[in-house]
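Student:
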Amino acid sequence: MPQSQRIAVLKETARGETRVSASPETVKKLVALGAEVAVEAGAGAVASFSDEEFRNAGAQVGPASEVLSGADIVFGVQGPDPAALSGVKPGAWVVAIMDPFGQRERVDAYAAAGLEALSMEFMPRITRAQSMDVLSSQSNLSGYKAVIAAADTYGRAFPMMMTAAGTVSAAKVFVMGVGVAGLQAIATARRLGAQVSATDVRAATREQILSLGAKPIFVENVAGIEGEGAGGYATEMSEEYQKAQAELVSSHIAKQDIVITTALIPGRAAPRLISDVQIATMKPGSVIFDLAVAQGGNVEGSVPDQVVEKHGVKIMGYSNTPAHLAADASALYARNLFNFLSAFWDKEQGGPVLDEEIGDAIRLTQGGKVVNPRLLA
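If you count by the numbering used here, then the sequence shown holds residues 930 to 1306, one letter each, in order.
(1) Which residues does DSSP list as the beta-bridge partners of Thr-1096?
(2) Three-state secondary structure (DSSP) at Arg-935?
(3) Check the C-beta distance from Ala-1021 over to Asp-1001 and give it rounded, since I have them as a contact under 8 angstroms.
(4) Identify the continuous alpha helix (DSSP H) that holds Gln-989 and give its terminal residues.
(5) Is the CB-CB distance between Gln-1185 and Val-1102 below 8 angstroms?
(6) Would you list, in sequence order, the uninterrupted alpha helix (DSSP H) runs of no fewer than 4 residues that lie entirely inside the stretch 1241-1302?
(7) List the residues that DSSP assigns as beta-bridge partners of Lys-1239.
(8) Let's see if you can read the secondary structure: which residues bound the alpha helix (DSSP H) around Gln-1207?
(9) Can you look up Glu-981 in the DSSP assignment and give me helix, strand or coil?
(10) Under the three-state reduction of DSSP, which class applies to Pro-916: helix, strand or coil?
(11) CA-CA distance, Thr-942 and Glu-995?
(12) Taking all protein chains shown into account, do 16 or more other C-beta atoms lie within 10 angstroms of the C-beta of Gly-971, making it buried, or fewer, making it exposed?
(13) Tell me the DSSP bridge mates of Ala-1025?
(14) Tell whether a beta-carbon distance below 8 angstroms holds between Tyr-1083 and Val-1216.
(15) Tell me which residues share the same chain as Phe-1269 and place their Cβ nearer than 7 angstroms to its Cβ, disregarding the 5 neighbours each side in the sequence.
What follows is the structure, given as structure tokens:
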């Protein structure tokens, strides 16, 4: 009988991080696979998962030093500090959202420590990996939260209301960027009763926008409208398209009450979508929620975790939006990690064995070296 793999679940230490990388549900499933699971005491407290629930699911619960001792796999939401991983087995996997481009020194430190770092946000967007896609699960919640937070800050009603005292007009919501977060933002704003429009650089999103009952706003007959790169991610727009889009947005944005921006390009600063000049055209009391604020921002003047008022418009955005929905974000993320491990679990080996397609895509370090092609280019 092969020795069972030990999975360590750590308490997150990054500022503002409320999520945890396992739930009692996934611990129970991991134990059923044959794994031994150890959870750091208090790891799930903010996400509403108690130590007792983890114990009842079959996990050992204790201090970090005990949890890490002899670990084959370390789970994290954000990549843990390599210096804090003493006691793990040589070559242990570290599975987390690594931010490899922004945290390259940390990646190098994993390599130096002989750890095998696996970056969940590098998961290829292929059909069989959909259930492992942490970016999608977390972005979906981010799109929802952006609308809810913007609605609260807006201070007016979203749906049209006809009363004896008069009619309240429906809020006008404009979503810029129709990926997973944008689609959820559209759906949430529609459920709240807003009049919703949306735009994206990918022409294929027009049908998705229409299917959710929103109005598509697209630049026509300008090169760059496809805007789709490898794996379904948006690419940077052509200069001609950027100019045409800016003109279209400027005329449309002036009529909006709420704008949600969601545009991100992997490995690069967030593209600027809204300028100070465009903000000045909006109605006083309008709200912009910048979901890309932590990556440099889509909106000129946006500041993480602050509400900035410019020209009477409130601009906001969270540095870690999913962390504002700790319980659900943790539950979904934990399922992503379980789905990932269970898909590659080899009973004869007593643990997961990665294939080339997914393994090569997400593996950052191995054998003391940085090995991922995206980091070596």
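Note that beta-carbon positions come from the ideal geometry of N, C-alpha and C, so glycine has one too.
Tutor: Considering the structure as presented:
(1) Along the sequence shown, read from residue 1 onward, the residue named residue 1096 stands at position 167. Partner(s): Met-1091.
(2) Position 6 of the sequence shown holds residue 935. It is a strand residue.
(3) As a working mapping, residue 1021 is identified with position 92 in the sequence shown. As a working mapping, residue 1001 is identified with position 72 in the sequence shown. A Cβ-Cβ distance of about 6 angstroms is found for the pair Ala-1021 and Asp-1001, placing them in contact under the 8 angstroms criterion.
(4) As a first step, residue 989 is located in the sequence shown; it is residue number 60 there, counting from the start. If you look at Gln-989, you'll find it isn't in any alpha helix (DSSP H); it sits in the beta strand (DSSP E) that goes 989-991.
(5) Counting from one through the sequence shown, the residue named residue 1185 turns up at place 256. Counting from one through the sequence shown, the residue named residue 1102 turns up at place 173. Yes, Cβ-Cβ distance for Gln-1185 and Val-1102 is below 8 angstroms.
(6) The DSSP assignment places complete alpha helix (DSSP H) segments of no fewer than 4 residues inside the stretch 1241-1302 at 1255-1272 and 1285-1291, in order along the chain.
(7) Position 310 of the sequence shown, counted from the start, is the residue given in the question as residue 1239. Lys-1239 is bridged to Val-1242.
(8) As a first step, residue 1207 is located in the sequence shown; it is residue number 278 there, counting from the start. Start and end: 1205-1208.
(9) Position 52 of the sequence shown, counted from the start, is the residue given in the question as residue 981. Look at Glu-981 here: in three-state DSSP terms it is helix.
(10) No information on residue 916 is available, as it lies outside the stretch 930 to 1306 that the chain covers here.
(11) By one-based count along the sequence shown, residue 942 stands at place 13. By one-based count along the sequence shown, residue 995 stands at place 66. C-alpha separation (whole angstroms): 17 angstroms.
(12) Within the sequence shown, residue 971 is the residue found at index 42, counting from 1. By the C-beta density criterion, Gly-971 is exposed, having fewer than 16 other C-beta atoms within 10 angstroms.
(13) As a position in the sequence shown, residue 1025 is number 96, starting the count at 1. Here Ala-1025 is bridged, per DSSP, to Ser-1048.
(14) Numbered from its first residue, the sequence shown carries residue 1083 at position 154. Numbered from its first residue, the sequence shown carries residue 1216 at position 287. Going by C-beta atoms, Tyr-1083 is nearer than 8 angstroms to Val-1216.
(15) Position 340 of the sequence shown holds residue 1269. Taking C-beta separations shorter than 7 angstroms and ignoring five residues to either side along the sequence, the partners of Phe-1269 in its chain run Met-1061, following chain order.
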